[in-house]
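One structure is given below, encoded as structure tokens.
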Amino acid sequence: MIQICKELNLSAYLEKSRSGNGAHVWLFFEEAYPAVRSRIILLECVRRALNLSAFDKEVSFDRLFPNQDTQSGKGFGNLIALPLQGLSAVQEKTVFLDTNTLTPYKDQWNFLGQIQKISTKTLDTVFTKITNDGNIIEAPSNKDNKLILKLKNGILVSKTLLDKATINFIREELNFPNLDYWLKKRLGKSVYQTEKFFKLIEEDGENVILPRGFLIKLTDHLRSRGIPFNLQDERTLLPEVNFSSVIELRPEQEKVVGLAMETEQGVIVAPPGSGKTIMGLELIARRSQPTLILTHRRQIANQWIERIQTFLNIPKAHIGRIDGVKKTVGEKITVAMLQSINSVRSLLMNATIFQPKLFARLLPISMLNIGMA
Numbered sequence: 026m027i028q029i030c031k032e033l034n035l036s037a038y039l040e041k042s043r044s045g046n047g048a049h050v051w052l053f054f055e056e057a058y059p060a061v062r063s064r065i066i067l068l069e070c071v072r073r074a075l076n077l078s079a080f081d082k083e084v085s086f087d088r089l090f091p092n093q094d095t096q097s098g099k100g101f102g103n104l105i106a107l108p109l110q111g112l113s114a115v116q117e118k119t120v121f122l123d124t125n126t127l128t129p130y131k132d133q134w135n136f137l138g139q140i141q142k143i144s145t146k147t148l149d150t151v152f153t154k155i156t157n158d159g160n161i162i163e164a165p166s167n168k169d170n171k172l173i174l175k176l177k178n179g180i181l182v183s184k185t186l187l188d189k190a191t192i193n194f195i196r197e198e199l200n201f202p203n204l205d206y207w208l209k210k211r212l213g214k215s216v217y218q219t220e221k222f223f224k225l226i227e228e229d230g231e232n233v234i235l236p237r238g239f240l241i242k243l244t245d246h247l248r249s250r251g252i253p254f255n256l257q258d259e260r261t262l263l264p265e266v267n268f269s270s271v272i273e274l275r276p277e278q279e280k281v282v283g284l285a286m287e288t289e290q291g292v293i294v295a296p297p298g299s300g301k302t303i304m305g306l307e308l309i310a311r312r313s314q315p316t317l318i319l320t321h322r323r324q325i326a327n328q329w330i331e332r333i334q335t336f337l338n339i340p341k342a343h344i345g346r347i348d349g350v351k352k353t354v355g356e357k358i359t360v361a362m363l364q365s366i367n368s369v370r371s372l373l374m375n376a377t378i379f380q381p382k383l384f385a386r387l388l389p390i391s392m393l394n395i396g397m398a
């Protein structure tokens, strides 16, 4: 933490805790500075010191003072135990340490007289530096001078080639508030081990892996900022499978299916009774690829299995099922319960098994379950 502060031109000093088992980092300002800004600066220092991901929505650190952005005026603010506490100081605790040797300064008062307070100008400079969206911070190293987007099961992008604005964009778009956390917080219940946000971003070494459904938003963002990119489609196109569809679409359904066939991803929103299941089955038949159908209720899963038998002429024994009891993959089509996905996750991530994935009526369920899929 001390080193990170030095790199940002922030003078920081180390105090041994009262217990003797820990330490506090102190930064002294020349004059009053807005708490909201100082917290942003210090939380960024914590993020870097703990090597936390730049894609995490929010850094949580409950020992940072001030520990709130504003003060209502109704209370006293933060109660902070000061250094040099009598008996503790005699025991070489609550004293400032030389960061090179981790030994206490012999003359603590003389040391305090020589500390460098941080000017408002320096704080503003650091604040601007860490919050500035800026331009590309590292020019792409490939010869075409383009950001490479590799489209596989997800979108693979090199982290080192992403500019600050794009990192911020990805972080804001792919971290979703956990309503359960906020409900517990509001009711005064413990939020221990309850995630504040659902993060739909994975990191693998130098790459960040984004959901494939995020492709349009990502490319629109890159174009709007004038960032050149090259999209490499590395998905595996499987051998076609034949579906014996007996579906006869109504004109309005035909229009929806036709539009859906023109894109590789999307959401069909229609009222009850409009035939979303039938349209989904017709899309599966026209795509002619092995398909995974994901749902969250057994009743809906059973309905899909029944409709598959009726409209695609696939015997029940040949329909794959992944739920709490069965774990079988069909040659042409498989219906899976989201709650059972983790147990066969490695199997489902195999790109040689499925091509299209169809989510069936998922609006009532939590974002965590969708993220797992």
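Numbers in this note's numbering are just positions in the sequence shown, counted from 1, shifted up by 25. Cβ coordinates follow ideal geometry from the N, Cα and C atoms, glycine included.
- A distance below 6 Å between beta-carbons, with the five flanking residues on each side excluded, links Leu68 to the following residues of its chain, in chain order: Val84.
- Following the DSSP letters along the chain, one finds Ile173 inside the beta strand (DSSP E) bounded by residues 172-176.
- Listed in chain order, the non-local C-beta contacts of Phe254 below 6 Å within the same chain comprise Lys171, Leu172, Leu174, Leu247, local neighbours out to five positions each way being set aside.
- A distance of 8 Å or more separates the beta carbons of Ile309 and Lys301.
- With a contact defined as Cβ atoms closer than 8 Å, Leu109 and Leu39 miss out at about 14 Å.
- Between the alpha carbons of Phe90 and Leu262 lies a gap of roughly 54 Å.
- Residues Phe90 of the same chain have their beta carbon placed closer than 7 Å to that of Ile105, with the five preceding and five following residues left out of the count.
- Residue pairing of Asp258 in beta bridges, as defined by DSSP: Leu176.
- Residue ranges of uninterrupted beta strand (DSSP E) with 3 or more members, entirely inside the segment 330-366 and ordered along the chain, are 345-347, 358-362.
- Counting along the chain, the unbroken alpha helix (DSSP H) around Val282 starts and ends at 276-286.
- In the three-state reduction of the DSSP assignment, Glu69 falls in the helix class.
- If you look at Thr145, you'll find it in the alpha helix (DSSP H) that goes 145-156.
- Here Gly345 has Thr353, Val354, Gly355, Thr359 as same chain residues with Cβ atoms under 6 Å from its own Cβ, once five neighbours each way along the sequence are excluded.
- In this structure Trp329 is buried. Its beta-carbon is surrounded by 16 or more other beta-carbon atoms within 10 angstroms.
- Within a 10 Å sphere around the beta-carbon of Lys99 sit fewer than 16 other beta-carbons, which makes this residue exposed.
- With a contact defined as Cβ atoms closer than 8 Å, Phe152 and Ile66 qualify at about 6 Å.
- Note: Ser183 is bridge-paired with Asn232 in the DSSP secondary-structure output.
- The Cβ atoms of Tyr206 and Lys184 lie no closer than 8 Å to each other.
- Taking 4 residues as the shortest admissible run, the segment 55-137 contains the following complete alpha helix (DSSP H) segments, listed from N- to C-terminal end: 60-74, 111-115.
- Less than 8 Å divides the Cβ of Asn203 from the Cβ of Phe223.
- Counted as a single uninterrupted DSSP element, the beta strand (DSSP E) harbouring Leu39 occupies residues 38-41.
- Excluding residues up to 5 positions away in sequence, Ser313, Gln314, Pro315, Glu356, Lys357 lie with their Cβ nearer than 8 Å to the Cβ of Val266 in the same chain.
- A distance below 8 Å separates the beta carbons of Ile143 and Phe54.
- Assignment of Ala326 by DSSP, reduced to helix, strand and coil, places it in the helix class.
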